[in-house]
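In what follows, a structure is listed as structure tokens, so that the remarks can point back to it.
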Amino acid sequence: MSKRLHWIIFGLFSLIPGLSQAQEDPVPRDSTGFYEFLKSQREVPGLSYRYIFSEKGITLAYRSDSLFSLSKTDSGYVSKPFADFSWIDELQQQLVVDSLMYQIQLELYSQPKSIEVAQEYLSDLIGKGDYLVKVQEDLPDVDLVSLAAKMPYLPVQKFKLKFMSDYRLLAVTLIIVFFFIASAAMIISMLVMKANKIKREALQDEYEGIIIEPLTTLLFEKGVKDIMAMDEAEIHSFFPKNLLVKELYQHVLIDRIIGLNKKMKGEFKEKLKALYKKLELDKVSIKSLHHRKWDRVTMGLVQINEMDLIEALPEVKKFTNSSNFHIRSRAVSALLNLSEHVDFKALRDQTYPLSLWQQMNYLRIIRFVGLHKDLNFETLLDSKNQSIRVFAIKLVRILGRVDMIDRLISYEETASDEEKIEILETYATVGAHMESRFINVCLRSSNPSVAAAAAKAAAVIGDADSEEILLDLLQSETDFRRKRSFLRSLYKLNKEKFEMVTSGDSSSDLLEIRNHILDPMLQDV
Amino acid sequence: MKKILIIEDDKLISSLVQFRLKKEGYETHLVCDGNEGILAIDSYLPDMIITDVMMPFRSGIEIIHHARQSQPNTPIIVLSSLGEEEEVVLEAFNLGVSDFIPKPFNPNELAIRVKRILK
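Okay, structure coming up:
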């Protein structure tokens with residue numbers, strides 16, 4: 014039973030594909046089969062064989078033959094022991110050729126044994142698992158090494174399977190790989206961009222260096238008319254044709270000319286403007302208005318403004334209501350600055366709210382152009398954009414345009430609260446005493462900011478009705494700040510009434526405000 | 082020949098000023114930052130200094146300080162876009178500059194002022 018089990022186990026672990034041979038004894042019992050089996054095994058531990066020859070036919074040559082290494086025995090000769098059974102055929106072939114009689118003597122651990130003992134010994138070895146039967150496989154005729162190279166390496170295959178089946182490991186690996194690829198791509202692109210930038214800056218420096226001399230010479234040696242009269246050849250003698258077509262060179266020229274234009278005055282400004290047109294840089298500026306990048310468009314608008322390119326104004330107008338803050342700001346600035354009769358229509362029709370920065374910027378331009386041009390900004394009050402209307406009211410105040418007061422009066426009825434506050438401040442600033450009626454109406458406004466602004470204006474241009482309204486409001490007002498505002502106005506309008514309200518059994522709030530107002534140290538607090 | 086040191090970081094402006102002053106027959110030397118300016122004052126020993134105020138490394142005011150210590154009698158003209166800033170103008174004049182020309186300026190006007198001061 015145990016022997017059978019050994020064979021079963023042997024069969025299970027056998028690498029022989031196909032039917033298991035474990036059910037039968039693999040050692041043939043017939044002598045021919047047994048020798049064939051031994052030949053197929055080549056060597057079996059402990060088992061060897063010798064050739065035994067009779068004396069007859071053994072020549073001297075045989076006796077000295079190293080292959081058989083014959084030794085003399087009582088009955089004849091015996092060869093040396095051979096352990097490799099695969100030689101049997103080869104050795105026998107030689108003996109047959111030499112017509113020698115021989116016998117094969119099997120030996121077990123150098124002791125002559127019969128074939129049956131050898132069979133039992135081998136069966137026992139196999140049975141105990143001390144010997145694994147070698148199987149003759151049908152090996153292909155090609156090189157085994159090259160075949161092995163094509164075979165996937167099993168541990169790698171196993172790892173691949175394990176790796177692909179573990180989705181978390183796979184995901185992490187993919188993320189890491191993606192990270193490395195992205196990092197490498199970013200580094201490479203940064204290096205390329207940096208290299209391009211360095212190259213561009215070097216080229217820019219070079220161009221800046223080479224334009225100094227021709228610009229200096231032209232500005233001192235030529236008049237405006239001379240510059241305008243220069244032909245192409247002459248222009249190219251100062252600024253080479255091959256460079257003038259280059260975009261970077263054009264930009265360096267534009268920057269330098271505009272930079273000089275800002276720092277120089279008098280005839281030099283005119284020369285620079287003439288040169289700008291002569292070099293056709295105005296076309297470059299106008300062309301950049303159609304650039305897809307907003308910063309280039311803005312740059313073009315600034316260039317048009319700086320170099321007084323009036324012919325570009327129709328194009329500039331198209332950008333006054335651009336959705337881009339910088340573009341529309343620069344476009345409106347250029348239009349206000351360059352238009353022959355300061356064009357406020359574009360600003361009026363702007364749909365975007367005006368920022369304080371824009372208001373300050375436009376005010377600076379309007380003030381500058383107002384020195385030598387008429388400013389008819391009345392149209393701004395017709396704007397549908399409240400911030401533009403508020404800006405218009407501020408302009409009346411800041412520019413001191415008393416002639417616009419009538420227009421503001423007609424506008425009072427439709428004005429929003431924010432505009433009313435600006436109008437009140439404007440009336441107070443320009444001293445529009447005839448407008449106390451509007452102030453009195455606003456004093457009773459339900460909007461506390463409007464009422465406070467009206468109180469402030471009333472302090473400057475209020476009348477007797479304003480005093481009465483202020484007294485009335487003080488009786489019903491509960492908010493400390495507004496009370497202070499009303500009292501301050503009343504104090505400036507009529508000190509007697511102020512004394513009357515704040516003296517005697519006045520509330521603590523009124524007394525506190527009174528002390529504050531009357532204290533000269535706290536006048537601006 | 083009178084020597085004029087021009088300290089200005091805008092190469093184009095300094096080149097224009099140099100060109101104009103050379104036409105008037107002055108010898109000029111250009112430097113484009115505050116450090117170089119201070120070194121040039123001691124090595125070039127100019128008869129006049131024309132300097133900007135806003136410059137790399139050292140400001141024009143520092144240059145005037147240095148010039149006043151090492152060469153108290155050398156006239157200085159300040160050429161600056163900070164001309165509208167009263168504080169800068171006052172400080173420059175307190176340090177004893179001969180003239181203050183605000184940018185934008187006219188190189189011809191500068192040449193006349195230089196001529197008048199060096200006369």
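If you're matching them up, the sequences are chains A and B in order. For what it's worth, my numbering labels the leading residue of the first sequence as 14, then goes sequentially. For what it's worth, my numbering labels the leading residue of the second sequence as 82, then goes sequentially. Don't be surprised by glycine CBs; every beta carbon is placed ideally from N, CA and C. Computed from a prediction, not measured in an experiment: that's the story for all the values here.
- Proximity to Thr132 (chain B) across B:Arg197, B:Glu168, B:Ile198, B:Ile158 peaks at B:Ile158, based on C-alpha coordinates.
- Short of 8 Å from the beta carbon of Glu280 (chain A), and not among the five residues preceding or following it, lie these beta carbons of its own chain, in chain order: Gly236, Val237.
- Judged by beta-carbon spacing, Phe95 (chain A) lies beyond the 8 Å limit of Ser53 (chain A), meaning their Cβ atoms are not closer than that value.
- Neighbours of Arg269 (chain A) across chain B, judged by C-beta separation under 9 Å: Leu93.
- For a Cβ distance threshold of 9 Å, nothing in chain A lies close to Pro137 (chain B): the least Cβ distance comes to about 15 Å.
- Taking a Cβ-Cβ cut-off of 9 Å, the neighbours of Met277 (chain A) in chain B comprise Ile94, Leu97, Lys184, Pro185, Phe186, Asn187, Pro188, given in sequence order.
- In this structure the segment 385-395 of chain A lies against the segment 346-362 of chain A, because at least three pairs of beta carbons, one per stretch, are closer than 8 Å.
- In the DSSP assignment, Asp180 (chain B) is bridged to B:Ile158.
- Boundaries around Leu119 (chain A) are those of the beta strand (DSSP E), 116-121, since no alpha helix (DSSP H) includes it.
- Taking all protein chains shown into account, Ile452 (chain A) has 16 or more neighbouring C-beta atoms within 10 Å of its C-beta and is therefore buried.
- Contact between the segment 489-502 of chain A and the segment 464-472 of chain A is established, with three or more Cβ pairs separated by less than 8 Å.
- Contacts between Gly383 (chain A) and chain B, judged by CB atoms closer than 8 Å, are missing: the closest CB pair is about 19 Å apart.
- Only exposed fits Asp179 (chain A), as fewer than 16 other CB atoms lie within 10 angstroms of its CB.
- Looking at A:Met534, A:Phe493, A:Glu103, the one whose alpha-carbon comes closest to that of Ile526 (chain A) is A:Phe493.
- The DSSP-derived three-state label of Lys126 (chain A) is strand.
- One finds Thr229, Thr230, Phe233 in chain A with Cβ atoms closer than 8 Å to the Cβ of Phe100 (chain B), taken in chain order.
- Just so you know, the alpha carbons of Pro533 (chain A) and Ala477 (chain A) end up roughly 26 Å apart.
- Boundaries of the beta strand (DSSP E) harbouring Tyr64 (chain A): 60-67, taken from the DSSP string.
- Going by DSSP, Leu486 (chain A) is part of the alpha helix (DSSP H) stretching over 477-489.
- Residue burial annotation: Ala195 (chain A) is exposed, with fewer than 16 other C-beta atoms found within 10 angstroms of its C-beta.
- Cβ neighbours of Ile323 (chain A) within its own chain (closer than 7 Å, five residues either side excluded): Leu351.
- At a cut-off of 8 Å, the C-beta of Ser161 (chain B) has no neighbouring C-beta in chain A.
- For Ala197 (chain A) and Met206 (chain A), the gap between their C-alpha atoms comes out near 14 Å.
- For Lys290 (chain A), the three-state secondary structure derived from DSSP is helix.
- In the three-state DSSP reduction, Val148 (chain A) falls in the coil class, being neither helix nor strand.
- Burial state of Gln363 (chain A) is buried, judged by a 10 Å Cβ sphere holding 16 or more other Cβ atoms.
- For the segment 401-436 of chain A, the continuous alpha helix (DSSP H) assignments of 4+ residues that do not extend past its boundaries occur at 418-424, in sequence order.
- For Met129 (chain B), the enclosing beta strand (DSSP E) covers residues 129-132.
- By the criterion of a C-beta distance shorter than 7 Å, Phe50 (chain A) is surrounded in its chain by Val40, Pro41, once the five residues flanking it on both sides are discounted.
- If you ignore the 5 residues before and after Tyr125 (chain B), its C-beta comes within less than 6 Å of the C-beta of Leu86, His110, all in its own chain and listed in chain order.
- Across the structure, Leu506 (chain A) and Arg341 (chain A) are spaced so that their CA atoms are roughly 45 Å apart.
- For Ile194 (chain A), no pairing in a beta bridge is given by DSSP.
- Residue range 245-251 is occupied by the alpha helix (DSSP H) that includes His249 (chain A).
- The CB of Gly272 (chain A) comes closer than 8 Å to the CB of Asp91, Leu93 in chain B, given here in chain order.
- Taking 8 Å as the CB threshold, Ile225 (chain A) lines the interface with chain B.
- Going by C-alpha positions, Ile145 (chain B) is about 32 Å away from Glu219 (chain A).
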